[in-house]
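Peer 1: This structure is in structure tokens; I'll ask about it shortly.
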Amino acid sequence: MQDLPKDPDLLAVVAEFLRREVMPAVSNGLAFRVRVAANVVDMVQRQLTQPESIAEEEQQRLRDLLGEDGDTRLLTERLCEGIANGEFTLDTPGLADFLWFVTLHKVAVDQPRYSGYLNALDS
1 MQDLPKDPDL
11 LAVVAEFLRR
21 EVMPAVSNGL
31 AFRVRVAANV
41 VDMVQRQLTQ
51 PESIAEEEQQ
61 RLRDLLGEDG
71 DTRLLTERLC
81 EGIANGEFTL
91 DTPGLADFLW
101 FVTLHKVAVD
111 QPRYSGYLNA
121 LDS
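Here the sequence shown is numbered in the UniProt record's numbering, starting from 1 and rising by one per residue.
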């Protein structure tokens, strides 16, 4: 059986096609929407290439912070409720570190060339 291209590689080809072939061939208004579509394809590609260990670490950090078990979605909802009702504040041990961890990994997918993100990685 032939080795098939990996999903992130296929997405990279689609994004490049949109940028190099489609954008120059369409009107400015449509070119903007094509650029947005190419950026979305890039984001999905980055999501697919993030190590599974990051999601596992996020879930474990939530468990440690809340002292509860559950899936990431449920634990995140519980944390949000706790923040909203004042049960958790930035003085809560581990909360600021958790929020920083999640923020950095979200920006790594959404805007990996964002200067604030790059500065945070350097510090």
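C-beta atoms are modelled at their ideal positions from N, C-alpha and C, and glycine is treated no differently.
Between V109, L118, E77 and A37, which has its C-alpha nearest T49's C-alpha?
Peer 2: Here residue 49 refers to the residue found at position 49 when the sequence shown is read from its first residue. Nearest option by C-alpha distance: V109.
Peer 1: Within the stretch 22–81, note down every full alpha helix (DSSP H) run reaching 4 residues or more, in order along the chain.
Peer 2: 28–49 and 52–66
Peer 1: Ends of the alpha helix (DSSP H) at D3?
Peer 2: The residue labelled residue 3 in the question sits at position 3 within the sequence shown. D3 -> no alpha helix (DSSP H), and no H or E assigned at all.
Peer 1: Can you look up N85 in the DSSP assignment and give me helix, strand or coil?
Peer 2: As a working mapping, residue 85 is identified with position 85 in the sequence shown. Coil, per DSSP.
Peer 1: For G116, which of helix, strand or coil comes out of DSSP?
Peer 2: As a first step, residue 116 must be located in the sequence shown, where it is residue number 116. G116 falls in the helix class under three-state DSSP.
Peer 1: Under the assumption that L65 contacts F98 (Cβ atoms under 8 Å), give the Cβ distance between them as a whole number of angstroms.
Peer 2: As a first step, residue 65 is located in the sequence shown; it is residue number 65 there, counting from the start. As a first step, residue 98 is located in the sequence shown; it is residue number 98 there, counting from the start. So it is a contact: roughly 6 Å between Cβ atoms.
Peer 1: What's the gap between the Cα of D91 and the Cα of H105?
Peer 2: Numbered from 1 along the sequence shown, position 91 holds the residue referred to as residue 91. Numbered from 1 along the sequence shown, position 105 holds the residue referred to as residue 105. One C-alpha to the other measures close to 22 Å.
Peer 1: Does the beta-carbon distance from V41 to L4 come in below 8 Å?
Peer 2: Taking the sequence shown and counting its residues from 1, one reaches residue 41 at position 41. Taking the sequence shown and counting its residues from 1, one reaches residue 4 at position 4. Contact: no.
Peer 1: Can you list, in chain order, the residues of its chain whose CB lies under 6 Å from that of L95, leaving out five sequence neighbours each side?
Peer 2: Against the sequence shown, residue 95 aligns to sequence position 95. Closer than 6 Å at Cβ, skipping near neighbours: F88.
Peer 1: At the level of alpha carbons, what is the spacing between N28 and R63?
Peer 2: In the sequence shown, the residue the question calls residue 28 occupies position 28. In the sequence shown, the residue the question calls residue 63 occupies position 63. In a straight line, the C-alpha of N28 is about 48 Å away from that of R63.
Peer 1: Do you know how far the Cα of R20 is from the Cα of P115?
Peer 2: The residue labelled residue 115 in the question sits at position 115 within the sequence shown. The residue labelled residue 20 in the question sits at position 20 within the sequence shown. With the sequence shown as reference, residue 115 is identified as Ser, and Pro is not the correct amino acid for it. So the two alpha carbons sit approximately 25 Å from each other.
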